[in-house]
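Quick note, in our numbering, the sequence shown goes up one by one and the last residue is 174.
Quick reminder that beta carbons are idealized off the backbone N, C-alpha and C, glycines included.
Note that the structure is a prediction, hence the values are computed from the model and not measured.
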Amino acid sequence: MDGFQAAVVTVSDRSFRGERPDGSGPVVAERLEAAGYQVAERLVVPDEQETIEAALRELADGKDIALVVTTGGTGFAPRDVTPEATEAVCRRMAPGIGEAMRAASLAITPRAMLSRATAGIRGRTLIVNLPGSPKAARENLEAVLPTLAHGLEMLRGGPADCAGTGK
8 MDGFQAAVVT
18 VSDRSFRGER
28 PDGSGPVVAE
38 RLEAAGYQVA
48 ERLVVPDEQE
58 TIEAALRELA
68 DGKDIALVVT
78 TGGTGFAPRD
88 VTPEATEAVC
98 RRMAPGIGEA
108 MRAASLAITP
118 RAMLSRATAG
128 IRGRTLIVNL
138 PGSPKAAREN
148 LEAVLPTLAH
158 GLEMLRGGPA
168 DCAGTGK
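Structure, rendered in structure tokens:
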């Protein structure tokens, strides 16, 4: 079987307006593909909670993507609302994922404690928030990537050919 389908959603007003290139989305997509995921969608959306929620619902419900990874909007700035959007669309939360990312990041920088990144489940889709900087997005993804495929196997009822499945 081929790997799980994934989507990457970059949350950035400036990237959405074309004022700056999306730096973290390509880094996340490349790492997911290297781990065996099929990156079926890449989106850039503004820091608007309703827009983020709509994108997450469409990817989970409309496209049945197994793993949606967001990047950006997880800090303290007033427009950082990605965790709120994720919580609004998920029926079940997966707090251990955010905790693991923060724990790994704290070994690198004390600023990791300022991350509000979260993760949750909508239907058969796992949604994981990453920070917006390419370096932090990569580091946080690396902290949890080996375990995500096992979670997706449980969520979706079967194995897929992704790194970290233990098979």
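According to DSSP, residues forming a beta bridge with residue i
i              : result
methionine 100 : Gly127
threonine 17   : Val51 and Thr78
glutamine 56   : Its beta-bridge partners do not exist; DSSP assigns none.
Three-state class that DSSP yields for residue i in the structure shown
i              : result
arginine 24    : coil
glutamine 12   : strand
threonine 88   : One point to set straight first is that residue 88 is valine, not threonine, in the sequence displayed. It is coil, neither helix nor strand.
isoleucine 134 : strand
Buried or exposed by the 16-neighbour rule on C-beta atoms within 10 Å, applied to residue i
i           : result
glycine 79  : buried
leucine 137 : buried
Top-ranked residue by Cα proximity to residue i, from the options
i              : options                        : result
isoleucine 128 : Thr81, Ser22, Asp68 and Glu55  : Asp68
alanine 107    : Pro117, Glu149 and Leu133      : Glu149
valine 52      : Gly32, Leu74 and Met161        : Gly32
threonine 58   : Glu26, Gly164, Glu91 and Glu40 : Glu91
Alpha-carbon spacing of residue i relative to residue j, whole angstroms
i           : j                : result
valine 35   : glycine 43       : 13 Å
leucine 133 : valine 18        : 17 Å
glycine 173 : serine 140       : With a pLDDT of 37 at glycine 173, under the threshold of 50, the modelled position of this residue cannot be trusted; read the value that follows with caution. Roughly 30 Å separates the two Cα atoms.
glycine 103 : leucine 155      : 11 Å
arginine 86 : glutamate 55     : 7 Å
alanine 73  : phenylalanine 11 : 6 Å
leucine 66  : alanine 47       : 10 Å
valine 88   : glycine 164      : 31 Å
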